[in-house]
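Numbering (our numbering), first residue to last: 7 to 131. Beta carbons: idealized from backbone N, C-alpha and C, even for Gly. Note that the coordinates shown come from a computational prediction; the quantities given were computed from them, not determined experimentally. Working notes for the structure below.
In structure tokens, the structure reads:
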């Protein structure tokens, strides 16, 4: 949304040249370059420390997969909802299959313990 493009950086540099003037600009450019170098050293140090702590597993990690810019919150929510819906359908399907199996056993005269039960009426002849 509000990223720094090349044009915006160029405008900031032009404004800085007018505000700082030609006498102070080299001094601030040097301070900025020192700051960038120190940030780079800190990042490299953190990477080396992480590599030491993880050992040989560091090279096996797919760092692009862990990039937070690739995650789409809409896709994550949609996948979670689809997964919940799939689980609900699956439990409903298994319940329906159990009911059908019980009805089939009742029709065939098979008791729950697997033995055959003969249906007869005590009050009949």
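| Item | Value |
| --- | --- |
| Collapsed DSSP secondary structure at residue 130 in the structure displayed | coil |
| Span separating the alpha-carbon of residue 95 from that of residue 103 | 12 Å |
| N- and C-terminal bounds of the alpha helix (DSSP H) containing residue 46 | 12-60 |
| Test item: CB-CB of residue 23 and residue 10 under 8 Å | no |
| Coarse secondary structure for residue 90, derived from DSSP in three states | helix |
| Reduced DSSP secondary structure (H/G/I, E/B, other) of residue 4 | This structure cannot settle anything about residue 4, because the visible part of the chain is limited to 7 through 131. |
| Residue 51 versus residue 36: straight-line alpha-carbon distance, rounded | 22 Å |
| Per-residue DSSP class, three states only, for residue 78 | coil |
| DSSP three-state assignment for residue 68, whether helix, strand or coil | coil |
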